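Here's the structure we're looking at; comments come further down.
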Amino acid sequence: MLTGPDADRLVLRPPRPGDRDEALAAHAELAAEGFDFLLGYDDGMAWDGYLGLLAARERGARLPRRLVPHTFLLAESGGRVVGRVSVRHELDAALAAIGGHIGYAVRPADRRRGHARAILRGALETAAGFGIAEALVTCDEGNAGSVRTIEGAGGVLEDSVELAPGFRTLRYWIPTPI
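Residues 65 to 242 (my numbering) are what the sequence shown spells out, left to right.
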């Protein structure tokens with residue numbers, strides 16, 4: 065795994081109007097893995113409308129019952145979108161069981177370069193800004209990369225939850241720099 069330069073240059077920022085094509089490409093790449101890169105995006109949705117939806121959801125408006133207020137940020141390195149993170153401002157019962165405060169993803173071609181570590185570090189700082197002293201972060205039991213990333217950030221395993229036979233989610237708590 066590469067360290068230092070790539071991770072140090074990573075910036076977390078809100079999506080902008082010019083990010084449409086690259087964000088949609090990342091969305092398609094992660095969809096092939098069964099992962100939703102652009103939370104709440106519907107195919108064919110106007111990009112400006114999507115950006116407005118994200119801003120509203122950050123304020124706690126236009127939230128479906130299953131969502132809580134959250135901040136959605138793109139991870140950019142070298143002028144390219146390499147990943148994303150969603151920082152949930154609070155937990156409901158479902159997120160407290162699985163999902164947690166922070167959900168992140170790295171595009172397949174950008175993995176194993178320290179980006180996940182940098183994204184998680186930035187997300188913990190963002191969570192601290194919302195008064196979250198300890199963030200719940202979860203990952204699939206078989207996702208060795210996420211396990212290393214979370215444990216490397218100081219994550220302490222609370223438990224493992226079986227969602228379906230043979231499918232378990234690990235639940236970690238990580239102190240934020242509050």
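All residues carry an ideal CB built from backbone N, CA and C; glycine is no exception.
Because the structure is a prediction, the values reported are computed rather than measured.
Residue of the options minimising C-alpha distance to residue i
i, options, result
"V151", "E140, G143, L131, V145", "L131"
"R80", "G116, A89, L74", "G116"
"A139", "I242, L200, G219, Y168", "Y168"
"A94", "V146, A125, G164, I214", "The amino acid at residue 94 is misidentified as Ala; the sequence shows Leu. When each option's Cα is compared against that of L94, the closest is V146."
"H153", "P133, L137, I162, A160", "P133"
"S210", "E189, A228, R84, A182", "A182"
"L234", "R77, V75, E205, R212", "E205"
"A158", "D174, R129, R144", "R129"
"L213", "F231, W237, L102", "For the sequence presented, residue 213 should be read as Thr rather than Leu. Closest by alpha carbon: W237."
"F99", "R77, L188, G163, D83", "G163"
"T240", "F231, G218, R144", "G218"
"D106", "A92, L76, G193", "A92"
N-terminal and C-terminal residue of the alpha helix (DSSP H) that residue i is part of
i, result
"L115", "111 to 123"
"E222", "Segment 220 to 228 is the beta strand (DSSP E) holding E222; no alpha helix (DSSP H) there."
"R185", "179 to 193"
"L88", "84 to 95"
DSSP bridge partner residues for residue i (one or two, in chain order)
i, result
"S141", "R144"
"F136", "S150"
"P239", "E198"
"T233", "D204, V225"
"L102", "Per DSSP, none; premise fails for L102."
"V170", "G147"
"G209", "Paired residues: none, contrary to the question."
"G164", "V201"
With 16 other Cβ atoms within 10 Å as the buried cut-off, status of residue i
i, result
"A197", "exposed"
"G216", "exposed"
"A191", "buried"
"G186", "buried"
"F243", "Since the first residue of the chain shown is 65 and the last is 242, residue 243 is not available in this structure."
"D85", "exposed"
"R148", "buried"
"D174", "buried"
"A177", "Sequence check: residue 177 is Arg here, not Ala. Label assigned to R177: buried."
"R121", "buried"
"A90", "buried"
Enclosing beta strand (DSSP E) for residue i [first to last residue]
i, result
"L76", "75 to 77"
Touch check for the segment 103 to 115 and the segment 218 to 226: three-plus C-beta pairs under 8 Å? no
Quick check: the segment 170 to 178 against the segment 198 to 208, are at least 3 beta-carbon pairs closer than 8 Å? no
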